[in-house]
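Heads up: the sequence shown begins at 1 in this note's numbering, then just goes up one per residue. The structure appears right after this line, and notes come after that.
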Amino acid sequence: MNRIFAYGDKVLLIDSKKRRYLTTLVEKGEFHSHSGFVAHDLVIGQTEGAVIPTTKGALFSVLRPTLEDFVLEMPRGAQVIYPKDLAPICMIADIGPDTHVFESGIGSGALSMTMLRYGATITGYEIREDFANRAKTNVRSFLGEQALNRYAIQIRDAYEGIDGTVDGRSPRVQSAAARRITGCLYAQHYAGGSGTTSNGQRVDRIKDA
């Protein structure tokens, strides 16, 4: 059974031309478009798939956004990695529960959200504080406050060195070529580690310091 919509829920509004709009339901809120506006109160109590009219008679279907929807429609400060690439990256890097990931250059948080959804814990380096704040806001917005317990971001440059511990060990990139890759994603596993760049290229390996 579909849960009914309530204040605070994120919804995806889709018009007759399949244009998609992401919004959060708030008390006395309104979604405005050239086709009129939809009062959020009309969505409250409805179930997913409901069709809501605007003040000009246009119709919007109301759905709960998937992770793919959110990545495509979320606020962003930097270009995101798109869903068609996020899944293969996580598969090649073997991201899953109990995986501790070092992510360099977190951007708007699309990859971070996907890995957190897979159950990973992330340590991220980002040189721009505005990008870091946007990523944390996006993670909180879609996955909830509890996801931030597995998401630690530091404002620093990975080129200046990587420290901190992963399961009591300090990961260190041994390959000079790997250190030159911009925006690398390194996955440190309990039994050892390997890395994957943002375009899916394999990097062997991360060894204990």
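The beta-carbon is built from N, C-alpha and C at its ideal position, and this holds for glycine as well.
Remark: C-beta atoms of residue 150 and residue 121 approach each other more closely than 7 angstroms. A distance of 7 angstroms or more separates the beta carbons of residue 14 and residue 47.
Of the residues assessed, residue 87 falls on the exposed side of the cut-off, its CB having fewer than 16 other CB atoms within 10 angstroms. In this structure, residue 24 keeps its C-beta atom at 7 angstroms or more from the C-beta atom of residue 37. Secondary structure within the segment 121-149: the alpha helix (DSSP H) runs of 4 or more consecutive residues, fully enclosed, are 129-143 (chain order). In the three-state scheme derived from DSSP, where H, G and I count as helix and E and B as strand, residue 53 is classed as strand. The three-state reading of DSSP puts residue 64 in coil, since its state is none of H, G, I, E or B.
The beta-carbon distance between residue 119 and residue 96, rounded to whole angstroms, is 6 angstroms. This is short enough to meet the 8 angstroms contact definition. Collapsing the DSSP output to three states places residue 58 in coil. Leaving aside the five residues that flank residue 50 on each side, the residues in its chain whose CB is nearer than 6 angstroms to its CB run, in chain order, 62.
The C-alpha of residue 52 is placed about 16 angstroms away from the C-alpha of residue 28. Sequence-distant partners of residue 42 (beyond 5 residues in either direction) whose C-beta falls short of 6 angstroms from its own C-beta, in its chain, are 52. In the displayed model, residue 84 falls within a helix according to three-state DSSP. Within the segment 72-117, complete alpha helix (DSSP H) segments of at least 4 residues are found at 83-92, given in chain order. Taken atom to atom, the span from the alpha-carbon of residue 154 to that of residue 126 is near 6 angstroms. Looking at the DSSP output, residue 35 sits in no beta bridge, so it has no partner there.
Taking all protein chains shown into account, residue 114 has 16 or more neighbouring C-beta atoms within 10 Å of its C-beta and is therefore buried. Around the beta-carbon of residue 19, fewer than 16 other beta-carbon atoms lie within 10 Å, marking it exposed.
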